[in-house]
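Quick note on numbering: the UniProt record's numbering labels position 138 of the sequence shown as 138, and the sequence is numbered without any gaps.
Just so you know, even glycine gets a beta-carbon here, dropped at the ideal spot from N, CA and C.
Values in this document were obtained by computation on a predicted structure and should not be read as measured data.
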Amino acid sequence: MTTAIELRHLRHFIALAQELHFGRAAQRCHISQPPFSVSIRQLEQALGFALVERSTHEVRLTAAGAAYYEEALKVVSQFERAHATAARVHQGMQGTLEVGFFASMLHRGLDRAVQVFGQSHPDVDLRLVELSTADQIPALQRHRIRYGFVHSTTLPATVMSEELLCEPFVLCLPAAHPMARAAPKTGRRRARAVDLARFKDEPFVLFSRTFSPAYYDHVVSLCLSAGFHPRVRHEARHWLTVLACVSKGLGITLVPRSLVRSRYPDLCFVDLQASPVASIVRGAWLASEADDPALRAWHAVVRRYITA
């Protein structure tokens with residue numbers, strides 16, 4: 001019966017080829033010489049030709065043995081690389097991790113989270129994919145991303161989530177707005193809170209409801225609680241566009257407080273006297289990937305660095 005060639009046969013032969021001595025090679029492989037010699041004979045029988053020439057004084061590789069030695073080194077090395085790679089992936093230390101995000105997350109600590117994760121997991125290729133909040137759940141379900149940030153608390157049963165932050169909305173005005181000039185200023189924020197009802201006749205710049213239903217509904221809810229429905233003059237798809245429109249005097253808007261950290265010029269942020277609706281951000285991932293090491297490591301970093 002032909003012996004199947006196993007990895008141990010290759011390791012034993014490599015040791016013999018390097019030591020050219022059965023006793024030293026066996027000792028190096030941590031076995032006694034008799035079973036070591038049996039292993040070499042099994043390998044030769046499986047191959048059908050001799051790998052070494054034996055004499056009482058020396059051991060030499062045959063021409064076939066010398067060629068086989070070079071290839072055996074490659075096989076064992078490839079096996080060890082495969083094992084190491086799989087182990088690192090299992091431990092969350094290697095692989096690819098696609099993370100959906102929207103622009104305001106960059107003002108909530110996402111940049112720092114990415115940097116810290118990259119330092120602690122250098123072999124995990126983390127890739128940011130910009131998506132609206134409405135698009136992130138479908139992207140998770142289609143495996144386009146593996147982690148996302150969402151506002152909604154109504155999620156499919158296949159998606160798990162955890163609240164990361166909850167922050168109030170603030171009023172964003174052009175710096176030239178009379179109300180912006182009237183209140184005392186602390187940095188880019190006005191120290192005196194205002195009643196949103198005073199802005200019922202102002203034009204608003206908002207995301208469209210189809211693009212960001214949670215944000216749109218939050219703003220409308222805030223305005224309704226102040227006694228009016230907002231006059232939406234302009235709609236945009238990105239925070240940069242919203243802020244640019246406001247800075248140019250095309251309207252006002254309501255934004256999560258973390259956007260005060262933005263460096264866009266000619267803007268003023270004012271706290272509201274009453275803000276019954278908050279901006280909530282949740283981390284989301286597929287339940288089927290809940291035990292993935294890389295995903296768990298990323299979520300741990302996110303929990304630490306995502307702040308309002």
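So residue i and residue j are supposed to be a Cβ contact under 8 angstroms. How far apart are they, rounded?
i	j	result
VAL270	VAL170	6 angstroms
residue 310	ALA113	What the structure shows of the chain is the stretch from 1 to 308, and residue 310 is not part of that stretch, so it cannot be assessed.
LEU61	ALA17	6 angstroms
In three-state DSSP terms, what is residue i?
i	result
ILE40	helix
residue 327	Because the chain in this structure spans residues 1 to 308, residue 327 falls outside the shown range and cannot be described.
SER275	coil
MET160	strand
ILE252	strand
GLY187	With a pLDDT of 48 at GLY187, under the threshold of 50, the modelled position of that residue is not reliable, and the figure given next carries that caveat. GLY187: coil per DSSP, three-state reduction.
ARG198	helix
ARG303	helix
LEU267	strand
ALA176	coil
GLY148	strand
ALA66	helix
ALA290	coil
LEU171	strand
ALA4	coil
GLY95	strand
Can you tell me the Cα-Cα spacing of residue i and residue j, whole angstroms?
i	j	result
ARG108	HIS12	56 angstroms
PRO293	VAL89	8 angstroms
ALA139	ARG127	14 angstroms
SER152	ARG192	31 angstroms
GLY187	PRO156	Here GLY187 scores only 48 on pLDDT, less than 50, and its place in the model should not be relied on; the value that follows carries that caveat. Taking the straight line from one Cα to the other gives about 42 angstroms.
LEU286	TYR147	8 angstroms
VAL302	LEU224	34 angstroms
CYS29	GLU44	18 angstroms
HIS177	LEU164	34 angstroms
GLU58	PHE79	31 angstroms
VAL219	PHE207	10 angstroms
PRO168	LEU196	13 angstroms
LEU267	VAL205	14 angstroms
GLY118	ASP111	11 angstroms
ALA4	ARG144	43 angstroms
ALA76	PHE211	Per the sequence shown, residue 76 should be read as Val rather than Ala. Looking at the two C-alpha atoms, the distance is approximately 53 angstroms.
ARG231	THR154	28 angstroms
ALA274	THR253	16 angstroms
GLU6	GLY48	15 angstroms
ALA46	LEU20	21 angstroms
ALA63	LEU51	8 angstroms
So who's on the other strand from residue i, going by DSSP bridges?
i	result
ALA280	Before going on, a small fix: residue 280 reads as Ile here, not Ala. In the DSSP output, where bridge partners are listed per residue, ILE280 has CYS166.
GLU53	ARG60
GLY100	VAL129
VAL205	HIS234
TRP298	According to DSSP, which records beta bridges pairwise, TRP298 is partnered with nothing at all.
In chain order, which continuous runs of the beta strand (DSSP E) of length 3 or greater are located wholly inside the segment 104–145? For the segment 104–145, whole beta strand (DSSP E) runs of length 3 or above, ordered along the chain, are 124–130.
What beta strand (DSSP E) runs, 3 residues minimum, are completely inside the segment 210–253? Taken in chain order, the complete beta strand (DSSP E) segments of 3 or more residues contained in the segment 210–253 are 231–236.
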